[in-house]
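J.:
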Amino acid sequence: METLINGLHHVTTLAGDTQKNVDYYTDILGLRLVKKTVNFDAPDIYHLYYGNETGAPGTILTFFPYGDLPRGRKGAGQLTYTAFSVPIASLSYWMDRLHERHIPYAGPYKRFSETYLRFEDFDGMGIELVFNNDDQRPGWDNGRIPADYAVRGFHTVTLNESNPDRTIKLLTENMQHTLVGEEEGRFRFQAGQGGSGNFVDVLHSPKDVRALQGAGSVHHVAFSTDSDESQLIIQEQLLSAGYHVTPVQDRNYFNSIYFREPGGILFEIATNPPGFSVDEPVSELGTTLKLPAQYEARRAKLEAELPQIVLN
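Quick note on UniProt numbering: the sequence shown kicks off at 1 and runs consecutively.
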């Protein structure tokens, strides 16, 4: 069978204050701001992309910072925790780092034989660090965190579902995921070659209240596909399975299709190319505001109205 879905591509979240968001993810977590652009559907709001040095698929966490936005509420029908992969030897380093930055965390805990820490950003977004030695992706040597301890990219996303059966059917029958573990109502699936960045956990949460979107809430999760052609195949398969899938959307750095999974979480299928160096070299990623062609005529107005960002 042809591999159509490789694993995770990116996770997009709603946020509050822009500068706090930049400081948290570039300083605390040591991610690189790889693209500073706008929400293509609402250009008065930034769309900020963080990732590894190049913004490779499977490392990209993105935000729409809305400023004074009330917090969301975790619950059923939501991606509640985004887990990043880090080396086992970095456990003490990260515990010390979070403690020194006055960031409360829980753990270390064990899950599927791996150690993890759990905490939240200033908006309440759920974050986990999963410690393992199977991830061969390089860490970014950014001058803040040694490369040997740095985040490698995503490990897992957790989907809280009141009734997980239909979501599991979607993942296994229509999205090429395979069940690889089950533990205390948590079902782990992997795509592609498996391993960090390719895991989706479906957590059976029958007692959860329904999630509410707001600051700290994940807006959608995107899965990776290799090309426009493979994306169209997935689109047709999902349409045939009865899902309401959007037409292809040009997001400059990838093409996207969107649909809601049975529990209500917004899924995206995103192409790997062309990538973030299509409009600026890797050495300069994230340093200037990049706009899609339809908003270039509004550049002066947007630059005057969008909050100024300082990269420390």
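Note that CB positions come from ideal geometry on N, CA and C, so glycine has one too.
Could you tell me whether the region 7-21 touches the region 226-233, where touching means 3 or more Cβ pairs closer than 8 Å?
T.: no
J.: Helix, strand or coil for residue 193? Go by DSSP, reduced to three states.
T.: coil
J.: Check whether the Cβ atoms of residue 131 and residue 88 lie closer than 8 Å to each other.
T.: yes
J.: Taking only runs that begin and end inside the region 117-185, name each unbroken alpha helix (DSSP H) of 4 or more residues, in chain order.
T.: 165-169
J.: With distances taken between CB atoms, is the gap from residue 235 to residue 245 smaller than 8 Å?
T.: yes
J.: To test your reading of the DSSP string, which unbroken beta strand (DSSP E) runs of 3 or more residues are found completely within the region 16-46?
T.: 32-39
J.: Going by C-alpha to C-alpha distance, which of 143, 84 and 38 sits closest to residue 157?
T.: 84
J.: Given this structure, state the Cα-to-Cα distance separating residue 169 from residue 77, to the nearest angstrom.
T.: Distance between the alpha carbons of residue 169 and residue 77 is about 16 Å.
J.: Do you know offhand how far residue 33's Cα is from residue 303's?
T.: 18 Å
J.: If you draw a straight line from the alpha carbon of residue 215 to that of residue 306, how long is it in whole angstroms?
T.: 18 Å
J.: Give me the residue from 299, 177 and 217 with the minimum Cα distance to residue 2.
T.: 177
J.: To which residues does DSSP link residue 269 through a beta bridge?
T.: Residue 269 has 223 and 257 as its beta-bridge partners, per DSSP.
J.: Going straight from the alpha carbon of residue 183 to that of residue 276, what length do you get?
T.: Looking at the two C-alpha atoms, the distance is approximately 37 Å.
J.: Short check: CB of residue 286 to CB of residue 153, under 8 Å?
T.: Judged by beta-carbon spacing, residue 153 lies beyond the 8 Å limit of residue 286, meaning their Cβ atoms are not closer than that value.
J.: Helix or strand or just coil, what does DSSP make of residue 63?
T.: strand
J.: Whole angstroms are fine: how far does the CA of residue 25 sit from the CA of residue 50?
T.: Per the coordinates, the alpha-carbon of residue 50 lies some 7 Å from the alpha-carbon of residue 25.
J.: Specify the secondary structure class of residue 295 as computed by DSSP and reduced to three states.
T.: DSSP places residue 295 in helix when its eight states are reduced to three.
J.: Taking Cβ to Cβ, would you say residue 124 is nearer than 8 Å to residue 71?
T.: yes
J.: Between 274, 29, 155 and 121, which has its C-alpha nearest residue 111's C-alpha?
T.: Closest option to residue 111, Cα to Cα, is 155.
J.: In whole angstroms, what separates the C-alpha of residue 31 from that of residue 264?
T.: 29 Å
J.: Would residue 219 pass as a contact of residue 82 if the rule is Cβ separation under 8 Å?
T.: no
J.: Give me the DSSP bridge partner(s) of residue 86.
T.: Answer is 131.
J.: Have a look at residue 193 and residue 300 and give me their C-alpha separation to the nearest angstrom.
T.: 45 Å
J.: Please report how far the alpha carbon of residue 353 lies from the alpha carbon of residue 42, in whole angstroms.
T.: Outside the displayed range of the chain (1 to 312) lies residue 353, so it cannot be described from this structure.
J.: Kindly indicate which residue of 127, 144 and 148 has the alpha-carbon position closest to the one of residue 136.
T.: Comparing Cα-Cα distances from residue 136 to each of 127, 144 and 148, the minimum goes to 148.
J.: Using 10 angstroms around the beta-carbon of residue 101, count the other beta-carbons present and answer buried if the total reaches 16, otherwise exposed.
T.: exposed
J.: With a CB to CB cut of under 6 Å and the five nearest residues on each side skipped, what residues in its chain are close to residue 175?
T.: 5
J.: Short check: CB of residue 98 to CB of residue 119, under 8 Å?
T.: yes
J.: Where does residue 93 sit, in a helix, a strand or coil, going by DSSP?
T.: helix
J.: To the nearest angstrom, report how far apart residue 117 and residue 281 are at their CA atoms.
T.: 34 Å
J.: Assign residue 121 to one of two classes, buried (16 or more other C-beta atoms within 10 Å of its C-beta) or exposed (fewer than that).
T.: buried
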